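**Student:** For what it's worth, this note's numbering labels the leading residue of the sequence shown as 153, then goes sequentially.
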Amino acid sequence: MPVLHITKNDIHLCSVGSDNVWMFSASVHADIWGPACSELTVTGGGKRRSDGSFDFLIWEMAHELRKGDRIVFSFEEGSTSSPRQPAIDDETPSEDMPTDLVASEEDITRLAARPKSNQDCRWRCVVSGEPEILVLPDDHRQNLDLHLLWNEMRAHRVRVGLSRSSLDEVMSRSGGEDVVLAYIEGAARIELGIE
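1. Assuming contact is defined by CB atoms lying nearer than 9 Å, are ASP392 and LEU314 in contact in what I supplied?
2. Let me confirm a value: LEU286 is counted as buried when at least 16 other C-beta atoms fall within 10 Å, else exposed. Which label applies?
3. Which residues does DSSP list as the beta-bridge partners of GLU191?
4. In whole angstroms, what is the alpha-carbon distance linking ALA265 and GLY186?
5. What are the boundary residues of the alpha helix (DSSP H) that GLU257 is part of?
6. On the three-state DSSP scale, how would you describe SER234?
7. What first and last residue would you give for the beta strand (DSSP E) that runs through SER202?
8. Give a yes or no on whether the C-beta atoms belonging to THR159 and SER177 are separated by under 9 Å.
9. Taking 7 Å as the limit between beta carbons, can you name the residues of its chain near GLY198, skipping five residues before and five after?
10. Under a three-way DSSP split, which group does ASP297 fall into?
11. Mark PRO289 as exposed unless 16 or more other C-beta atoms lie within 10 angstroms of its C-beta, in which case mark it buried.
12. How is SER315 classed by DSSP in three states: helix, strand or coil?
13. How is SER167 classed by DSSP in three states: helix, strand or coil?
14. Report buried or exposed for ASP183, applying the criterion of at least 16 other Cβ atoms within 10 angstroms of its Cβ.
15. Considering only C-alpha positions, which residue in the set ASP221, GLY220, ARG341 is nearest to LEU300?
16. Once DSSP output is grouped into helix, strand and coil, what is the label at GLU284?
Dropping the structure here:
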């Protein structure tokens, strides 16, 4: 069974192993507004109970990344997580949590008008030994996302997506421009440099 090891500047951040989870997700996000240059989030769904429920587990949440940081995701044999943070039960959503997350045109216009403190953000990404890819946001596609997804139903592979999207595409969940979309079987190594 697989484990995902994540390092930042060659220092271990966390490992998410299949002993603890039925699925996990690791993502890095950046946009031209900032204030963070980029942010890393690593979460997973804990092993299912007999009633089908599970805990939502968090290893990293909005971990700030700065220019010069280098993140490496290694998907390899293993099964143990390190460290295991307290679980949050996602089966009991807060009563005051909004259920309508659709933004109005006015909301999108207001969000787009924010000061741009991160326009010079650039990512250099290498996916499993392929040639390096330089990705940067622009005025049309203001968001960058790297997303890794694994689940035990297809335990032999990990889904890797690197994309650029506009604020409209993010808010409408309509996708964007896929720079990389791959299913990698066996060992995988994804390197991301923040510039």
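Note that the Cβ used here is the ideal one computed from N, Cα and C, for glycine as well.
On a predicted model such as this, the values are computed, not experimentally measured, just so you know.
**Tutor:** Let's see:
1. It is not possible to answer for residue 392, since the shown part of the chain is limited to 153 through 347.
2. Counting other Cβ atoms within 10 Å of its Cβ, LEU286 stays below 16 and is therefore classed as exposed.
3. The beta-bridge partner set that DSSP reports for GLU191 consists of HIS181, GLU216.
4. For the pair ALA265 and GLY186, the Cα-to-Cα distance works out to about 13 Å.
5. Looking at the DSSP string, the run of the alpha helix (DSSP H) that includes GLU257 is 257-264.
6. SER234 falls in the strand class under three-state DSSP.
7. Per DSSP, SER202 belongs to no beta strand (DSSP E) and is neither H nor E.
8. Going by beta carbons, THR159 and SER177 fall outside the 9 Å limit.
9. Excluding residues within five positions, the ones whose Cβ falls inside 7 Å are ASN172, VAL173, PHE206, ASP207, LEU209, ALA239.
10. Per DSSP, reduced to three states, the secondary structure at ASP297 is strand.
11. So PRO289 counts as buried.
12. Strand at SER315.
13. Reduced to three states, the DSSP call for SER167 is strand.
14. Burial is judged here by how many other beta carbons sit within 10 angstroms of a residue's own beta carbon; ASP183 has at least 16 and is buried.
15. The candidate whose alpha carbon is nearest that of LEU300 is ARG341.
16. Reduced to three states, the DSSP call for GLU284 is coil.
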